[in-house]
Structure formats: C-alpha cells, structure tokens
Amino acid sequence: MAAVSADATLGPALTSSSLTAVWLLWTWVVATCQWTLESLFDAHVSEAQGIIAAQKPHTLQWYATIAKAFQYGDSLPADTDVYSPVAAPGDASLVVTYAAAVEVTNLVRIKVATGSAGSLSALSSGQLTAFTAYMALVKDAGVRLQCTSGAADTFQPTMVIMYDPLVLDATGARLDGTEATPVKDAINAFLDSLPFNGVFILNSFIAAMQAVPGVVIADVVSVQAFYGSVPPVVIAAQYVPDAGYLALDNTWFGANVSYAPYVV
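Using this note's numbering, count along the sequence shown one by one with no gaps and you end on 1602.
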C-alpha cells in the first residue's frame, strides 16, 4: 500500500485502502497466475529431467531397478522394456523383490532374490530361466549379463557372551521370560537390516551384540561365512555375501556360542 501511494502514477488513481478494492483483487489475480505458471514450469522441468534420465546410458542402478520390474508369467510387448499392463506393487507376478547389479570381468552380474526382509530365498529354476530371458530383452546391446539367484550365504559366529546374571540366565534367556534367545534374535535382526548385497561390517556386528540388554561383553572370537560348497572364509573386517544376503547357521550357533556370567 505504501509503495502504491508513493508512486506518482498509481498514487492519485488507486486511493482505496479496502481489502476488496478492485486494484487489490487484480493484484491477487496476477500474483496467482504467476504462481501457477511457475508451478507448471517446475512440473515441466521435473518431467523433462525424468525423460532425460530414462534415456541416458543405463547404469548399474538401472539394471537393478528394471530387474525388479520383471513380471513372471507375463509377455513383454515387442521393442519395449515396459509391461502392459504394469503390475501393481505386491502383485504375485513381481517375484523379484531384491536385486543388485555388480560389474565383474567382462560382464554385469545381476543378483536377485524373492521374499521379504527376514525371509529371502532364491528364485525357482523356472523363475530364474524366465527372468534371464527377460533381462536379455531389456539390456543394452552388447552387454553380457550373468543372472543369478542363490540361497543365502551361511553365517557362522563363534562368541563368548559374558552376561549380567540379573538379566540373563546361563542359556542366554531373559530372566523375566520376555525373550528366550535375545542374542540369536539380535544376530538375525542385524543380518536382516543389511541392504541387499550390502557390506557386512564386523565392527558394526560387534556393536550390535554389545547393545543387547543383559550382555556385558560380547567376545566375538571369530566370524566366518560361505556360500554353496565354497570353504568358509574368516571375516577380518568386512564381507559382501555372494547371494546378496546372509542367514545364520542355527546349528553352528548352538555349538559355538557360549555364555558366562559376568562377575566384577
């Protein structure tokens, strides 16, 4: 208002200070139109960036994303990498729920698994065959792919748990009866929290064990893992599971994790 009144041209003509003055209403209309136009420009830029991103050379992340778009049992329209219709999230045809793409010598390896966190498993042979055919259709020309889906790498910790006898008993169970296997549960929770094909970090694992209520000292003697029939490897600092995920060997846990009361 002050700026309008001070203007030599507008001041004498626009003298009304009413909030419903015509000149104020027109100011609001023009401002709203400008805001709408700016919003449309922003939407256009976002749409254009999406189109450009879809057309750029395919990255490893693109391969992982397109892998999870595989629809088992559905045919792929010719000359496209998009199904018609596209299955809704949670549809039974979307059997690949986890995927990662990694570069190895002269090819790109696509690791996939099905299921949800805590219950991952390998694709069936039929699913993997269909998935491999799908990836051959959507991949870049000249790129060699290796599509794999395997059982979880086996995780085998050897530990001595020094526990607070006011919280846990000699079997590792809580005295209040709320948990029978808190240490094992913590291990499973830690493994489930790792990203698919993520790095297992030994120090982070030890910290997770130390954080279990009732555990005073988690003496991790050694930790090893293996996949298939490959001999176990001792994890000195970090480990990337071949299948993309890890699962605790329950038999090993029972024989190699012991408990001792912590006494000051």
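Virtual Cβ for every residue (Gly too), placed ideally from N, Cα, C.
This one's a predicted model, so the numbers in the text were calculated from it and none came from an experiment.
Compute the beta-carbon to beta-carbon distance between residue i and residue j, rounded to the nearest angstrom, for a pair I have assumed lies under 8 Å.
| i | j | result |
| --- | --- | --- |
| residue 1512 | residue 1520 | 6 Å |
| residue 1554 | residue 1497 | With a Cβ gap of about 13 Å, residue 1554 and residue 1497 do not count as contacting. |
| residue 1476 | residue 1419 | 4 Å |
| residue 1401 | residue 1439 | 4 Å |
| residue 1585 | residue 1492 | 7 Å |
Out of curiosity, what's the CA-to-CA distance linking residue i and residue j?
| i | j | result |
| --- | --- | --- |
| residue 1379 | residue 1495 | 56 Å |
| residue 1598 | residue 1458 | 33 Å |
| residue 1508 | residue 1544 | 21 Å |
| residue 1547 | residue 1533 | 19 Å |
| residue 1552 | residue 1506 | 6 Å |
| residue 1542 | residue 1591 | 19 Å |
| residue 1372 | residue 1381 | 14 Å |
| residue 1448 | residue 1403 | 11 Å |
| residue 1483 | residue 1445 | 6 Å |
| residue 1588 | residue 1514 | 24 Å |
| residue 1374 | residue 1479 | 43 Å |
| residue 1481 | residue 1454 | 30 Å |
| residue 1366 | residue 1383 | 26 Å |
| residue 1389 | residue 1395 | 12 Å |
| residue 1518 | residue 1572 | 28 Å |
| residue 1570 | residue 1456 | 22 Å |
| residue 1604 | residue 1376 | Absent from the structure is residue 1604, since the part of the chain shown begins at 1339 and ends at 1602. |
| residue 1596 | residue 1574 | 21 Å |
| residue 1370 | residue 1531 | 47 Å |
| residue 1443 | residue 1427 | 34 Å |
Apart from the five residues just before and just after residue i, which ones in its own chain have a Cβ nearer than 8 Å to its Cβ?
| i | result |
| --- | --- |
| residue 1441 | 1398, 1447 |
| residue 1600 | 1500, 1501, 1502, 1503, 1554, 1555 |
| residue 1536 | 1578 |
| residue 1557 | 1497, 1498, 1499, 1500 |
Examine the ligand NAD and report whether any of its heavy atoms sits within less than 7 Å of the Cβ of residue i.
| i | result |
| --- | --- |
| residue 1449 | The model on display carries no ligand, and the ligand NAD is accordingly not part of it. |
Spatial neighbours of residue i within its chain, please: CB distance less than 7 Å, with the 5 preceding and 5 following residues excluded, ordered by chain position.
| i | result |
| --- | --- |
| residue 1414 | 1421, 1472, 1475 |
| residue 1364 | none |
| residue 1468 | 1410 |
| residue 1550 | 1520, 1521, 1524 |
Take residue i and list the residues in its own chain whose beta-carbon comes closer than 6 Å to its own, dropping the five residues that flank it on each side.
| i | result |
| --- | --- |
| residue 1539 | 1576 |
| residue 1594 | 1496 |
>> Does the structure place the stretch 1397 to 1412 close enough to the stretch 1427 to 1437 that three or more beta carbon pairs sit under 8 Å?
In response: The stretch 1427 to 1437 makes contact with the stretch 1397 to 1412, as at least three CB pairs between them are under 8 Å.
>> If contact is defined by three or more beta carbon pairs under 8 Å, each pair taking one atom from either stretch, is the stretch 1471 to 1480 in contact with the stretch 1435 to 1443?
In response: The stretch 1435 to 1443, when compared against the stretch 1471 to 1480, does not touch it at the 8 Å Cβ threshold.
> Is there contact between the stretch 1522 to 1529 and the stretch 1459 to 1467, where contact requires at least three CB pairs shorter than 8 Å?
Replying inline: Contact between the stretch 1522 to 1529 and the stretch 1459 to 1467 is absent, because fewer than three Cβ pairs lie under 8 Å.
> Okay, do the stretch 1486 to 1493 and the stretch 1574 to 1590 touch, 3+ Cβ pairs below 8 Å being the bar?
Replying inline: Flag = yes, the stretch 1486 to 1493 and the stretch 1574 to 1590 touch.
> In chain order, which alpha helix (DSSP H) runs of at least 4 residues are fully inside the stretch 1497 to 1577?
Replying inline: Counting only runs that start and end inside the stretch 1497 to 1577, the alpha helix (DSSP H) elements of at least 4 residues fall at 1520 to 1531, 1540 to 1548.
>> Between the stretch 1559 to 1577 and the stretch 1411 to 1430, can you find at least three pairs of beta-carbon atoms closer than 8 Å?
In response: Contact between the stretch 1411 to 1430 and the stretch 1559 to 1577 is absent, because fewer than three Cβ pairs lie under 8 Å.
>> So within the stretch 1470 to 1497, which uninterrupted beta strand (DSSP E) runs reach at least 3 residues, ignoring any that extend past its ends?
In response: Counting whole runs of 3 or more residues, the stretch 1470 to 1497 contains the beta strand (DSSP E) stretches 1483 to 1486.
> Which runs of the alpha helix (DSSP H), 4 residues or longer, sit entirely within the stretch 1386 to 1458?
Replying inline: Within the stretch 1386 to 1458, the complete alpha helix (DSSP H) runs of at least 4 residues are 1398 to 1405.
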